[in-house]
Structures are given as C-alpha cells and as structure tokens.
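Asks: Have a look at this one.
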Amino acid sequence: MIRSRHQKNANHRSSIIIPLLVIAAVILLSSSTLVHLLTEAWWFDAAGFSGIFWTLLTWRLLVWLGTFIVFGVFLWVNYRLAMRLAPSNGQVRVLRGRSSKYRSLRWLEDSNLEIYARSLPNYIALVAIFLISLVAAGATIGSWETILKYLNASDFGSVEPIYQRDIGFYIFQLPFYEGLRNWLLALLICALVVSVPVYLLKGSINTARTWQNLISGSAKTHLSLLLAAIAVLIAVGFWLNRYQLLYSEEGVVFGAGYTDVHAELVSLWIMSFLALILAVVLIISIGQNNTTLPVYGIGIFIAALVLSRGVYPWFEQQFIVEPNELAKEKPYIASSIKLTRQAYGLDTVQRQEYPAKTQLNSQILQANQGTIDNIRLWDYRPLLSTYRQLQEIRLYYRFSDVDIDRYTIAGNYRQVMLSPRELSYSQVPQRARTWVNQRLKYTHGYGLVMSPVNQVTPQGLPEFFIKDIPPESQVNLPVNKPGIYYGEETDTYIFTGASTEEFDYPRGDENAFTKYDGTGGVPMGSFWRRLAYAYDLGSLKILISNYFTNESRIHYYRQIKERVSHVAPFLRLDSDPYITLIDGKLQWIIDAYTVSNYYPYSEPIGDSNQFNYIRNSVKVLVDAYDGTMQFFVVDENDPLLATYRKIFPELFVSSQSIPPKVRTHFRYPVDLFKFQSQMYLAYHMSDPEVFYNQEDLWRFPTEIYEGNEQVVEPYYMVMRLPQGESEEFILILPFTPGTKDNMVAWMAARSNGENYGKLLLYEFPKQQLVYGPKQVEARVDQSTGISEQLTLWSQQGSRVIRGDLLVIPIQESLLYVEPVYLRAEQGELPELKRVIVAYGEEVVMEESLEQSLAAIFGEKQPQKPAPVPRTEVPSSLSQSALNAFRKAQQALREGNWANYGQYQQELEKILQQLNQGVTKREN
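The numbers in this note's numbering rise by one with no breaks, and the one at position 590 of the sequence shown is 586.
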C-alpha cells in the first residue's frame, strides 16, 4: 500500500517535472528567435513593407508548424501502435525472475528507478520523434513559395508539344505536386524508422526465422499498410516523372527526345501501374501468415524496373534511334530550339544584315558626331585605379566599382562613368576603431565622382564633371544629398539621431559634422526597443550607452542587395547595381529577375542548372540616403511576375507609375545580356539539321589585357544604330565563329524609351572577312611603329595597359578603337597616353582619338580649339604651377602622400614647359 502510494507520487512528480523542463528548454531556445522576429517586424514596418513581413511569416510558420505537428502526431501514433501490437518481451519480468543471478537486482522493484525504467522507452521515442519532426519542419520551411505560387498560378498562354499542357503547369503546379509527394513519402519512411525498431526489440521481427516468417502477428499488418502506402506514392512518382522527361539531358538536345517519348514514357506508365499492383499485393498479404507474397511482389517489381527503365530504353536508343538519329530526333530538336528561345526571351531577336562596308569618310563621321563623341576611351579597370588615387581623399573612403550611365548635359546626350565614394570602416586606423566611431561617428560615405567617357586632361587623366568633397559639379547636375548610408560596402549596422554628431566629411585641418535628418532606419528611442536590439545583436553597449536619445534610429540591412533580398527573397538580383544622380539625390538601381528551372525543353544556363527561364521584370530603386526601396515593374507580360503580384499586391509599382526621370536611367542589364548571348551562341541556329550538326556554332571573341587573354565583355555605347534616327544607349557584343577569330555578327540591346529591351542581331556577309578583336590586336602588334613605341615605354619603368578593344558600328561600317594607358611599375595612377584606331587595312596610334581619326580620314574630328596666343601661355602656365603647388601643400597637410606625389609631378611638368618657353624666347 505504502509502495503503491510512493509510486503514484513519483509518477505524479515525473509527470510534472519533465514537461516543465521541456517547456523551459523550449522557451530558452526560442527566446532569441522571438526577439529577432520582433525586430524584423519593426524593420519591415519602418521600410514600408509590413504586409510582406506578415505574409512571409504567416506562410513560413504555417508550413513549419503544419509539418512539425503532422510528423509528430503521425510518428507518435505509429510508435504507440507498434508498442501495443507487439507482444511484451518481459523486460520488467527479467528483474522479477527467481533466478539467483537476478536476485541482487530485486531492490529495483522497491525504488523509483523501476518507474523510470518503464517510462524510459517512451521518453527516448518522444525525443527521437521530436528531433525528426524538427528536422522535417526545418527542411520544408522553404516550401512556402511553392505553395503560394501553386495557389496563385498564372497561365503562360503557350503549350509544350508532348502533353499539350500550358507552360504554367510546369512552373507552378508540377513543383507543388512533386513536393507534396516527397513530403508524404518522407512521412511514411519516418514512420517505418520509428516502428521497425520497436518490432525488432520486441521480437515481432525475428531475424533468426526464415524469410517467409520474418514478421509475425499484428506487426505484419501495420508494416504492410505502411509499405502499401509507400508503393502508392512510388506509383505517383512514376506518373509525375513522365513530365520530367521534358527536362531530359540524355538526348542530342535538352528535353524529351525520340527514346524518351517512345520508350521511357512507356516504361514509366508500366512502372506506375506495377507499383499500384504492388500496393494491392501488400494489402492482400495481410491475411496470410507469411511474407512470401510481398517478398515475391517486391522482387518482381525490381526486376521489371531494371528491364523497363534500363534495358528497354537502351535497346530503343541503340538499335532504333542511333542508326537514324537525325530523322528520329528532328522534331524534338525543333521543339528544344523553340522553347529555349522563348524561355530566354530570344524569340523576339530582330535579325538584320550588316554589310560591313569600308565607306567611312570625314563627312560620315561628322554626320555621326554623337557616336564619335561618346566613344569610351576609359576602360573601367584603369579608371578605377585613377579614381582611387585622385578622389578617395581619405583612407576610409573607397571606390569599389565604376558604373556607366548617360545624362543630358548642356543639351548633349553624354555617356559618363561614375563611382560613389563609400565608407570603408576597415581602412580606419586601428587605434580609432572604437565602438563609438564604428556605430555613431563613421556612419556614411560621401558623394561621387563623374567623368565623361572620352575626355582627357593634358596629363592623361580623366576630366571630371563631378569631383572632390563636398561634391563640386562642373555641369548641370547638382548633388544635394551626398551622404551614402546605403550602398554596396555598407555591411554593418550604425545608429543616427544620437547626442553626438556624425562625421560628415574632411575639411582641411578639421572635420565637418552632421546630424541625420532622413527617414531611414528603425526608431529605437525607447528603453524596450534598445533592450530588444541589445539582445538581438548581442551588444550590451546598445543598452548602457548614454548617447542615445528619443530620436535615435538603428540602420541595418544597409548593403543594398541584402536589403532588397530581405524584402523580396524570390527575386534573383543582378551582380552589378549602379549609382545614378536623379534630382540631386544618389539613387541605386538594381535589376531583378524572375527565374525558374521548370521551363520544359529549355536548356539550363551554365553547369549548375540554376535556371532555364529568366525575365528582367523588375527594377529596384534604392535611395542611398534613407534606404527607401521601390520595386518598379518593367515587364507587364511576365506570367511569373503576375503570380508574385497576386501574392504580394502591395510590393510592386506598375510600369505606368515609373517617374520619367527614373526611367531615363534604366539600362539593359549586363547579366541578362550575358545569359542570352551565351544561349544564342548555339540557339541562333533555327534549322534542326544545322543545329544537329553544330556547323554554325558561335563563340565570344577574345582580347589581350595586361598580357592575359580574356573573353570580350559586353559594353555600353551611345551611338546611332543603322537606320536609327538619333543616338541611343545600347549594350553590344560581337560574335566569332566557333573555331575562327573573325567576326560573324554583333548583338545590340536597346535601353531607351519604347525600344527598351529590344534585341537586335546584325550579321556580316559569310563570304566576307570581317576582322575580330583578336585579329585587330594582332595587326596592332605587327605594326612596326606602334609595336616599337609600346616596347620602348615598357623598357622605361612603365607598364603599358591596352584597354578594351571596342568595335564601333557606324553607318554599315566598323571602326575599331583601343585606348593605351601608361602606369609606373610601382604606381597605381594609369594615364591615357595614346588611342589606337583601326579601319579597313589601316592602323594608327596618336595622342588622341581626334588625331587618330584625322590620320586615317585626313581631317580632324572634331577640329581642335583655336590655339592660345603665345603671350598668354606663360601667364596660364604660371597660374597652373601655383595651383599645383597649393594642392600639393594641402595634400601634405592632410598626409595624403599619393596626391602629394601626383601634384609634385604635375608641378614639375609645368615648370619644364615654362623653362622651354623661356629658352625659345631667349633664342
């Protein structure tokens, strides 16, 4: 009686203590997650996308919680069912046996250990089921997107040729069906994993018996039902795999081929039917006392699998298809060409003939002066080094990239290169890297530099439209908000609105300071918000610092691609965001893509099979000062984007609402153009027989840069297309044959107005030799005068850098332009010294583009300004010398040794010119 009461008390205590421990552990483990979700809600609300947050959170939570509950309940039911159906093996009776060797353990019967020993299997199973359910829930949390796309599917309006289903079925519904089938299959397999050990330990599965009687009793019924359900799902898998034939990589092209349609498809139907029969066999076997029927059924199924999925397709391919491959595969090749072009937007490429005449003269060049004036003489790689040497000003500023854009300046449409001056805190001296400096003082970059693509100073340096700190603009482009709080380098969190001022920019011997007055960041003036962020970011200083005020704000997710991806994780972002100057504000533009890897018959890009459908449907505008994001729709016809707009109706801004000043800076993205060009190397061939023979395969041309051969990259130009009415901003790339270096075509992507997004292909006559970039560079190397000059420079302690060789189409002719830079062996300040121009059979190298054109066409283009009168030269040079001296002294005071050395060199050159002038007058 007393022992029974003790047992009840012990049971009661254990039933209370263990759940309390579990609850405490769950709270402890989830506290950081809950706090992080709270700060995330604040961030989305401050960014203006709280609806996106709740949609994402709701569906992720539903998927996670649903999976966790279903797995947990189903596995526990199977475990308890196994425990009940399996006979007891008397593990407690062993302790109570009369054998003398167990009598020493009988004291356990009078202790609480017996109670725990009885409950231990349940606790072990509970922990195992909990962990399995947790892993399953975590693995399926990303399925929220698949489910939402299934529920909001859109039609593509076109069908594939095998099953005649709309493309939307493959993009939206097939992934859902496959995911659901795999989810259910994992659930049933986990149920076997939980149940089989119970039957093994309790003797229902006895490995000592013959295979006909391996499983006995009710365990056979339980396991047979689970296996039957798995067989049904296997049948469903074979049925769904019929659609996977449209992504086959086994034939001569990507997608279903003759063998797939006439052998693989048949075998999938057969195996799906046999899997259903196997499920029926497993159910029938429940009424038998042995396992003979299911074992034979599984054996026959495996044999059929080998024959139908291996031998039959192999026989079809070897003896039916390969002897007549072209005839058999021709319609499937045509389907692959058609759907691959559709998937990459290549079906709308406008193809035209380009005669590549040699008819240029000075009058034609004058008529195309807008193109000539925008020929890019500055390669972005040496220009980046030059920007860094001339305009970073301080160690903690950094130019990370050079962008290309176009602006209307003084009534002229000009192509420019520009770069934002971002803050690089890692460059701050080590002694100054305090928490206050990192989080409260050094908060932002400052301004940008801008220079035209074709202008050069007498010293071979770029002419600046915008330069210095504060930004000094030489053109009608003021910079009203130079602070860069959000950019490509801003990967740490900072605080604004503190009681201490932020460092703004250097000013002589002192610094200018500022207080942030924008709307960016998350308000965190209250104690409770500071407490939440201190816990979330793991920094006690956030809680105890006295610098925070009621107006304080925290800025995080400041790296612009990370910021955009946080709001729209379903969009693929371009690798090269670019800065723009719109109404005096610095604005980032990021191209965003909708992608899928489920477009039937479309060959995936690259080796990793990342996607086989892409559209540049969205452009994201991010304010560099306050981080405001706007998602502008630029392709209203993309069905994938239409589905995302149904899911997140408040996220996207329609194309009709794009401000004209923003639209003028949209450019065709380089990444998309590279993907399309890569696919077009083969898929420009429209004839299935030509494609099968690969007889007209193209490749990208190559060029030499700093001694290394590399693929020519697409490049932007402002030019007038053949038959065009005016200059426009385009992206172009030439093509060469698969095994030759001559050019066969060039592709252009347009970026202006109603023509935005149109692709043009200009093909050269096949019977005519058109020099490719590598061939032109070889001709340059073979030019005695040019080669000797470049070799001489290389021997005088300088490094010769030959920039991009640009192919410039002008009125059905081709002009080749290559800038030449000099850089000291130990320096990082390249200077533009020569411009090589090739046309027809002529190759020249002069100090400027105008002189090179004049050397070929006999007239300067455009004419040089009138010479300065001799009497004004000494005065101008004296003033230049004084300016150079002052700048050198300023650099010396600031400790900027790079600028000091540059100005000293400039001063030396001016003094030499003055000396030469004095000598001439004396003579």
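From the three backbone atoms N, C-alpha and C, an ideal C-beta is built for every residue, glycine too.
Answer yes or no: do I226 and L181 have a C-beta to C-beta separation smaller than 8 Å?
Replies: Contact flag set, yes.
Asks: Going by the beta-carbon positions, is the gap between E418 and T510 smaller than 8 Å?
Replies: Not in contact: E418 and T510 (Cβ atoms no closer than 8 Å).
Asks: Please identify the residue among S613, S598, V563 and G703 whose C-alpha is closest to the C-alpha of F644.
Replies: Checked all of S613, S598, V563 and G703; the closest Cα to F644 is V563.
Asks: Are the segment 368 to 379 and the segment 791 to 805 touching, with three or more C-beta to C-beta distances below 8 Å?
Replies: Enough Cβ pairs lie closer than 8 Å, so yes.
Asks: For R347, list the residues DSSP reports as bridge partners.
Replies: Paired residue(s): L757.
Asks: Along the beta strand (DSSP E) that carries L444, what are the first and last residues, could you check?
Replies: L444 -> beta strand (DSSP E) spans L444 to P448.
Asks: Thinking C-alpha only, which one of P815, L58 and R56 is nearest Q451?
Replies: Nearest of P815, L58 and R56 to Q451, Cα basis: P815.
Asks: Among L183, L30 and V155, whose alpha-carbon lies nearest the alpha-carbon of I65?
Replies: Checked all of L183, L30 and V155; the closest Cα to I65 is L183.
Asks: Could you give the C-beta distance for G623 and Y482, rounded to a whole number, given that I count them as a contact under 8 Å?
Replies: Rounded, the Cβ-Cβ distance is 4 Å, consistent with contact.
Asks: With a cut-off of 8 Å, do at least 3 Cβ pairs link the segment 787 to 796 to the segment 740 to 754?
Replies: These segments do not touch.
Asks: Count the other C-beta atoms from every protein chain shown that fall within 10 angstroms of the C-beta of P474, then say buried if there are 16 or more, exposed otherwise.
Replies: When all chains shown are included, P474 counts as exposed.
Asks: So, N148 versus T590, is the Cβ gap smaller than 8 Å?
Replies: No, the pair does not count as a contact, with Cβ atoms beyond the cut-off.
Asks: Which residues in the same chain have their Cβ closer than 8 Å to the Cβ of F395, if we skip the five residues on either side of it in sequence?
Replies: Closer than 8 Å at Cβ, skipping near neighbours: L380, Y383, R384, Q387, E388, S415, P416, R417, E418 and V445.
Asks: Helix, strand or coil: which one does DSSP assign to W374?
Replies: If DSSP states are grouped into helix, strand and coil, W374 belongs with coil.
Asks: Is it buried or exposed, A275, if we count other Cβ atoms within 10 angstroms and call 16 or more buried?
Replies: Looking at its Cβ environment, which holds 16 or more other Cβ atoms inside 10 Å, A275 is buried.
Asks: Tell me the DSSP secondary structure of Q859 in three-state form.
Replies: At Q859 the pLDDT is 42, less than 50, meaning the model places this residue with poor confidence and gives no usable figure here.
Asks: Report yes if the CB atom of S220 is closer than 8 Å to the CB atom of I266, and no otherwise.
Replies: No, Cβ-Cβ distance for S220 and I266 is not below 8 Å.
Asks: Are the segment 325 to 334 and the segment 235 to 253 touching, with three or more C-beta to C-beta distances below 8 Å?
Replies: Verdict: yes, contact present.
Asks: Return the chain-ordered list of same chain residues with a C-beta closer than 6 Å to the C-beta of S571, the five sequence neighbours on each side being excluded.
Replies: Excluding sequence neighbours, S571 sits near D667.
Asks: Measure the C-alpha to C-alpha separation of R347 and I586 and round it to an integer number of angstroms.
Replies: Those two C-alpha atoms are separated by around 29 Å.
Asks: Quick one: which unbroken beta strand (DSSP E) runs of 3-plus residues sit fully inside the segment 302 to 359? Chain order, please.
Replies: Runs of the beta strand (DSSP E) inside the segment 302 to 359: 346 to 349.
Asks: Over what stretch of residues does the beta strand (DSSP E) that includes T496 continue unbroken?
Replies: It is not in any beta strand (DSSP E) - T496 carries neither H nor E in the DSSP assignment.
Asks: Excluding the 5 residues flanking P684 on each side, which residues of the same chain have their C-beta closer than 6 Å to its C-beta?
Replies: The answer, listed in chain order, is K326, I329 and A330.
Asks: Taking 8 Å as the cut-off, does the segment 484 to 502 touch the segment 541 to 548 (at least 3 CB pairs, one atom from each stretch)?
Replies: These segments touch.
Asks: According to DSSP, is R554 part of a helix, a strand, or is it coil?
Replies: Note: R554 maps to coil in three-state DSSP.
Asks: Which same chain residues end up closer than 6 Å to L322 when comparing Cβ atoms and leaving out the 5 residues on each side of it in sequence?
Replies: Same-chain partners within the cutoff: Y688.
Asks: So H218 and A78 are in contact, right, with Cβ under 8 Å, and what is the actual spacing, rounded?
Replies: Indeed they touch by this definition, with Cβ atoms about 7 Å apart.
Asks: Since P519 and R549 are thought to touch, with beta carbons under 8 Å apart, how far apart are those beta carbons, to the nearest angstrom?
Replies: 6 Å between Cβ atoms; contact.
Asks: Could you tell me the boundaries of the beta strand (DSSP E) in which L197 lies?
Replies: Per DSSP, L197 belongs to no beta strand (DSSP E); it is in the alpha helix (DSSP H), L170 to L197.
Asks: Report the CB separation of D397 from H661 in whole angstroms; it is logged as a contact under 8 Å.
Replies: Contact flag wrong, Cβ pair sits at about 16 Å.
Asks: Does the segment 458 to 469 come into contact with the segment 593 to 610, if we say contact requires no fewer than three beta-carbon pairs (one atom in each stretch) closer than 8 Å?
Replies: As far as the Cβ criterion goes, the segment 458 to 469 does not touch the segment 593 to 610, which means the pair count is below three.
Asks: Smallest Cα separation from A588: which of Y552, Y664, K581 and T545?
Replies: If we check each option's Cα against that of A588, Y664 comes out closest.
Asks: Please tell me whether S469 and M413 are closer than 8 Å, where the distance is taken between their beta carbons.
Replies: Contact: no.
Asks: I'd like the ranges of any alpha helix (DSSP H) spanning at least 4 consecutive residues and lying wholly in the segment 529 to 579.
Replies: DSSP runs (the alpha helix (DSSP H)) wholly in the segment 529 to 579: 537 to 540 and 556 to 563.
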